[in-house]
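Asks: In the UniProt record's numbering, the protein residues as written are 1 to 82. Can you read through this structure? Questions will come right after.
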C-alpha cells in the first residue's frame, strides 16, 4: 500500500524530492522505499563553482535557494523561536 510507512534502516527518516506538474512546484515527501543516502556537507566544503552557481538566482527561475548567501540569514532568523 502506498501510504504504509515502515522503518528504513531502523529509525532514519528518508525523504524524496518530487515534482508534480499539477502542484506546480517541487516538494519533499516521505519515502516509502529505501534508497541511497547522501553525505551532508558544509557550505564551505562545496567547490567555488558550486557556491557561485547556487548564489546565482538566474539559475533557478522563480525558485529561491534558502541557503544561498543572500537568503540564509533571513531564513535562519525566521526559524529561531520567539
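Heads up, the beta-carbon is just placed ideally off N, CA and C, and yes, glycines get one too.
Just verifying my parser: in three-state terms, what is the DSSP assignment at residue 111?
Replies: Outside the modelled stretch of the chain, which goes from 1 to 82, sits residue 111, for which no answer is possible.
Asks: Would you check if the region 58 to 66 and the region 30 to 50 touch, i.e. whether three or more CB-CB distances between them fall below 8 Å?
Replies: As far as the Cβ criterion goes, the region 30 to 50 does not touch the region 58 to 66, which means the pair count is below three.
Asks: Taking residue 37 and residue 26 to be in contact with their CB atoms under 8 Å, please state how far apart those CB atoms are, rounded to whole angstroms.
Replies: Position 37 of the chain shown, counted from the start, is the residue given in the question as residue 37. Position 26 of the chain shown, counted from the start, is the residue given in the question as residue 26. About 20 Å; that fails the 8 Å criterion.
Asks: Helix or strand or just coil, what does DSSP make of residue 16?
Replies: The residue labelled residue 16 in the question sits at position 16 within the chain shown. Strand, per DSSP.
Asks: If you follow the beta strand (DSSP E) that residue 59 is in, where does it begin and where does it stop?
Replies: The sequence position of residue 59 within the chain shown is 59, counting from 1. Element bounds for residue 59: n/a, residue is neither H nor E.
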